[in-house]
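Participant: My questions will all concern the structure given below.
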Amino acid sequence: MDVKNYAIEKVPEDADVIVTHENLLERAQGANPGIRIVTIQNFLKD
Numbered sequence: 037m038d039v040k041n042y043a044i045e046k047v048p049e050d051a052d053v054i055v056t057h058e059n060l061l062e063r064a065q066g067a068n069p070g071i072r073i074v075t076i077q078n079f080l081k082d
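Residue numbering for the sequence shown is 37 to 82, as defined by my numbering.
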């Protein structure tokens, strides 16, 4: 598995999944339609 860090607006269109904080879900959905998004509450505990 290859994991990379991108700004939400710069995620490649061929990404399989986006992992982001729950507060950024709407922004991620708007910038990346069609890509599965997994949200987490706390990067250190989830």
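C-beta atoms are modelled at their ideal positions from N, C-alpha and C, and glycine is treated no differently.
Please classify N78 as buried or exposed, where buried requires at least 16 neighbouring CB atoms within 10 angstroms.
Facilitator: exposed
Participant: Assuming I44 contacts I71 under a Cβ cut-off of 8 Å, what Cβ separation, rounded to an integer in Å, is found between them?
Facilitator: Incorrect: roughly 11 Å between the Cβ atoms, too far for contact.
Participant: Contact check, E58 vs I76 under 8 Å by CB: the rounded distance?
Facilitator: 7 Å
Participant: Alpha helix (DSSP H) containing G70: first to last residue?
Facilitator: Going by DSSP, G70 is part of no alpha helix (DSSP H) at all; its letter is neither H nor E.
Participant: Kindly indicate the opening and closing residues of the beta strand (DSSP E) around I54.
Facilitator: Where I54 is concerned, the enclosing beta strand (DSSP E) stretches over V53 to H57.
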